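Per my numbering, the sequence shown starts with residue 829, numbered consecutively.
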Amino acid sequence: MIAGLIRLYPKPWRERWGEDLRESVHASGFRSWPNVLVGAVDMWLHPAVWPARDDSRRLARAAAMAITVAGDGWFVANLITEDGDGRYLPVLRVCGAVLAVGLLLVAPRPRFDRVALGVLLRRGVRGFVPPAVLIAGVVFLVHSGLVPATATPVLRYGVLGIWWGAWLALAANGCRIVANAGPEIVIAPGHRRSIAGTAVLTAATMVSAAVLIVFAIATAEFDAAAAICGALLLALAVTLAGAVWELPALTNDSPSR
């Protein structure tokens, strides 16, 4: 059980402090298990403080985390528009545009050599083509009339599930490509770009959360779906804000949290 708990931590953290944690848990007994679980979650939310040889690796990890969290935020924010309520659309579209700016700032740049570009191209084809085919298939079904507006709820929600599942897979695969791209393939963003990009992502996610929560409360009938999505977005925004706070203090030997 103890070995399983320690495996929940990121590999760089385990390699540096795994044995120390194992001895501590053995000495403390099962009462320390909840704290170990909380610590594992905390470490995954703060990749900038994982052990690394240099700051560029930490910045690349922080960029991957920011892209992942922002992608989750975009997904959650757009789920609420599926009920046909257009109140949220204008603000969410603006926030989506701001989110895109933040992603451009924080995303690592590919190295412009044949080997690196070839690796990225192969990974991109494997990660993006299958969900893109599903998305195109749903668009074709809807616009061809094969799925009419009067379709049964099972068919309608099935198509919606494929649509959003494909977008989620697309975002997840993009984040995985960024996270697994080493310094020989991409160039991590610098400190200023990382801080600026993550701050922009935080602001866009925070505004989206505030809009959904305000609309949920201000309507004559409480909108539970909007409130839940707003609360999730707020949690994601807090996670991004934590990264903004940590990035300026990065050193080559940042301690664990």
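Cβ coordinates follow ideal geometry from the N, Cα and C atoms, glycine included.
Note that the structure is predicted; figures quoted are calculated from it, not measured.
The alpha carbon of Thr1033 has as its nearest neighbour, out of Val970, Val919 and His854, the alpha carbon of Val919.
For the 8 Å CB-CB criterion, Leu1029 and Gly946 do not form a contact.
The Cβ atoms of Ala1052 and Ile1041 do not sit closer than 8 Å to each other. Ala1065 sits buried, since 16 or more C-beta atoms from the chains shown fall within 10 Å of its C-beta.
In the three-state DSSP reduction, Ile1015 falls in the strand class (E or B). Cα atoms of Ile1005 and Leu948: separation of roughly 8 Å, rounded to the nearest angstrom. Pro838 carries a coil assignment under DSSP once its states are collapsed to helix, strand and coil.
For the set Ala1027, Pro1011, Ala944 and Trp991, the Cα lying nearest the Cα of Asp883 is the one of Pro1011.
A direct Cα-to-Cα measurement between Gly867 and Gly993 gives close to 30 Å. Taking one beta carbon from each stretch, the region 1008-1027 and the region 934-942 have 3 or more pairs nearer than 8 Å; the two touch. Note that the C-beta distance between Gly899 and Cys1003 is below 8 Å. Nearest Cα to Trp841 within the set His854, Ala876 and Ala944: Ala876.
Of Glu1049, Ala1038 and Ile1045, the smallest CA-CA separation from Leu1060 is found for Ala1038. For the set Tyr916, Cys923, Ala1009 and Thr1047, the Cα lying nearest the Cα of Arg886 is the one of Ala1009. By the CB criterion at 8 Å, Ala999 and Phe903 fall inside the cutoff. The alpha helix (DSSP H) runs lying completely inside the region 904-963 and spanning 4 residues or more are 917-934, given in chain order.
With respect to the C-alpha of Cys1057, the residue from Phe1043, Phe858 and Gly1070 having the closest C-alpha is Phe1043.
Comparing alpha carbon positions, the residue from Leu927, Met871, Gly1070 and Tyr916 closest to Ala1046 is Tyr916.
In this structure, the straight-line span from the alpha carbon of Ser856 to that of Lys839 is close to 23 Å. Within the same chain, and ignoring the five residues on either side of Met871 in sequence, the residues whose Cβ sits closer than 6 Å to its Cβ are Tyr837, Pro838 and Trp841. Counting every other CB atom within 10 Å of its CB across the protein chains shown gives Arg889 a total of 16 or more, marking it as buried. In its chain, beyond the 5 residues on either side, Leu998 and Asn1001 have a beta carbon closer than 7 Å to the beta carbon of Phe956. If you check the CB distance, Leu865 and Leu833 come in under 8 Å. Per DSSP, reduced to three states, the secondary structure at Asp900 is helical.
Between the alpha carbons of Leu988 and Trp878 lies a gap of roughly 38 Å. A direct Cα-Cα distance of roughly 36 Å separates Ala1007 from His971.
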